[in-house]
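Below is one structure; the comments refer to it alone.
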Ligand SMILES: [Zn+2]
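Residue numbers (my numbering): 9 to 475.
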């Protein structure tokens, strides 16, 4: 890999290494600059897997300046002479690898790092990136905005599919999951919220408060979040003991109350339907209305733009099993997130005196989606396992036809085997990644049914299924 503009390296350290190195020479080669995702080919990087991110961030809502230190612990999957991180905007002030200054250059959203000494296959190595500036939103192929989004008096970070590169350097593809520690320092009077558990909150002087958040379970980087604002915070526990932390913009508190009051019950309902809730904590972050055009299932604490209703809370919580614990291998597998979360809404509805999933399926099949006021767009426009492109990954078929695939399986195998399949899928792929092909093979094995027709017509088939 050609390194064009080299930052000034720690010259003395390099010289010491060059002359002081004994033993066999390690011959590394550059890690790939993308993981060849079929929809987002430049997302992520090859040659290593991250084990842990420690992000130390300072943000001042008054001037919008973010300063960050990212310490990334990763394992080399090949000998590496250089490797890439994804980072959009912001200024990189320095990079070191294993404590020694590393050379780096930037091209587009690729940050290429060349360690002083090649990394060996299997070596666990630590990269520290100092960076800062005013983060800008990342605009997706479908026009939606993600990354670091500012509000009147704060900010929120959302990353699906590639927005996380707008606020920290990393291996930004769902196939690389890691644990996280996110520490955020903000002016006194602000709350800073992230995924997982609040380990400490302390005043650090100079009128600033530091919040330290810890996420021990593996997380895809698009599910990482930070929210800064003057939130109203409430904490509690679900009946089975999952810690709940809700941070709500004061103007949305009244409107959110009814839905968030049901959050513990929804977590328990999901546990009964899909198997144990996969994480140690649950909760929500409610941003001022119109902060975003969507809600996102950020791990353990979904982000809502304005007060959510009960079904939206249910949808984002269902993603904790489907999408967050079991994550897609590539963005083409998005229906494994959205089809499942949509079907969870159908199940919740039929369990709580609403229309049954069967009735909803029949109505959709007959072209009547009025039963679902969110169901804009044509569910039959393309098969959910083959999204038409990166700008269609959040279109109706991925959600509604995805849910209909699950209902077709239920029709074929009956309730007992179907719910056993949902629980088995969540348990056997817990904290991992899975593809559509993994799912279809698993479904046939688990239920003992040949489901080829369902896949051919509903999952992969062009045109509008008739039954
Ligand atoms: Zn969703």
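For glycine and all other residues, C-beta sits at the position ideal for the given N, C-alpha and C.
Taking residue i as the reference, give the member of the options with the closest Cα.
i           : options               : result
residue 35  : 93, 127 and 45        : 127
residue 410 : 137, 170 and 463      : 463
residue 225 : 71, 381 and 288       : 288
residue 134 : 423, 206 and 57       : 57
residue 259 : 425, 77, 294 and 147  : 294
residue 420 : 460, 326 and 82       : 460
residue 433 : 125, 451 and 156      : 451
residue 245 : 42, 307, 239 and 269  : 269
residue 231 : 207, 155 and 111      : 155
residue 88  : 121, 71 and 382       : 121
residue 64  : 70, 214 and 76        : 76
residue 108 : 136, 96, 440 and 342  : 136
residue 542 : 177, 72, 152 and 211  : The chain is shown only over 9 to 475; residue 542 falls outside these bounds and no answer can be derived.
residue 441 : 407, 428, 376 and 340 : 340
residue 145 : 180, 172 and 40       : 172
residue 351 : 426, 236 and 375      : 426
residue 196 : 251, 236 and 169      : 236
residue 118 : 138, 94 and 105       : 94
residue 381 : 422, 431 and 319      : 319
Residue i bridges to which residues according to DSSP?
i           : result
residue 127 : 88
residue 120 : 92 and 113
residue 306 : Bridge partners of residue 306: none, in fact.
residue 74  : 67 and 141
residue 57  : 83
residue 222 : 189 and 205
residue 135 : 80 and 105
residue 254 : 242 and 292
residue 146 : 154
residue 217 : 194 and 211
residue 99  : 140
Taking just the CA atoms, how far does residue j sit from residue i?
i           : j           : result
residue 49  : residue 60  : 23 Å
residue 184 : residue 85  : 12 Å
residue 194 : residue 458 : 56 Å
residue 123 : residue 384 : 50 Å
residue 364 : residue 218 : 47 Å
residue 322 : residue 283 : 15 Å
residue 436 : residue 349 : 18 Å
residue 5   : residue 334 : Since the first residue of the chain shown is 9 and the last is 475, residue 5 is not available in this structure.
residue 276 : residue 331 : 18 Å
residue 207 : residue 271 : 22 Å
residue 202 : residue 360 : 32 Å
residue 90  : residue 97  : 21 Å
residue 188 : residue 112 : 24 Å
residue 274 : residue 125 : 51 Å
residue 471 : residue 391 : 8 Å
residue 101 : residue 92  : 16 Å
residue 129 : residue 337 : 23 Å
residue 166 : residue 373 : 34 Å
residue 453 : residue 468 : 19 Å
residue 182 : residue 39  : 18 Å
residue 316 : residue 53  : 35 Å
With a threshold of 7 Å on Cβ separation, who are the neighbours of residue i within its own chain once the five nearest residues in sequence on each side are excluded?
i           : result
residue 403 : 385 and 389
residue 324 : 303, 305 and 310
Between residue i and the rest of its own chain, which residues show a CB-CB distance below 6 Å, the 5 nearest in sequence each way excluded?
i           : result
residue 466 : 413, 416 and 473
residue 313 : 295, 299 and 300
residue 210 : 218
residue 307 : 203, 227, 231 and 332
residue 220 : 191, 207 and 208
Apart from the five residues on each side of it in sequence, which residues of its chain come closer than 8 Å, Cβ to Cβ, to residue i?
i           : result
residue 286 : 225, 328, 329, 332, 333, 434, 438 and 439
Kindly indicate if chain B contains any beta-carbon less than 9 Å away from that of residue i.
i           : result
residue 347 : Absence of chain B from the displayed structure is noted, only one protein chain being present.
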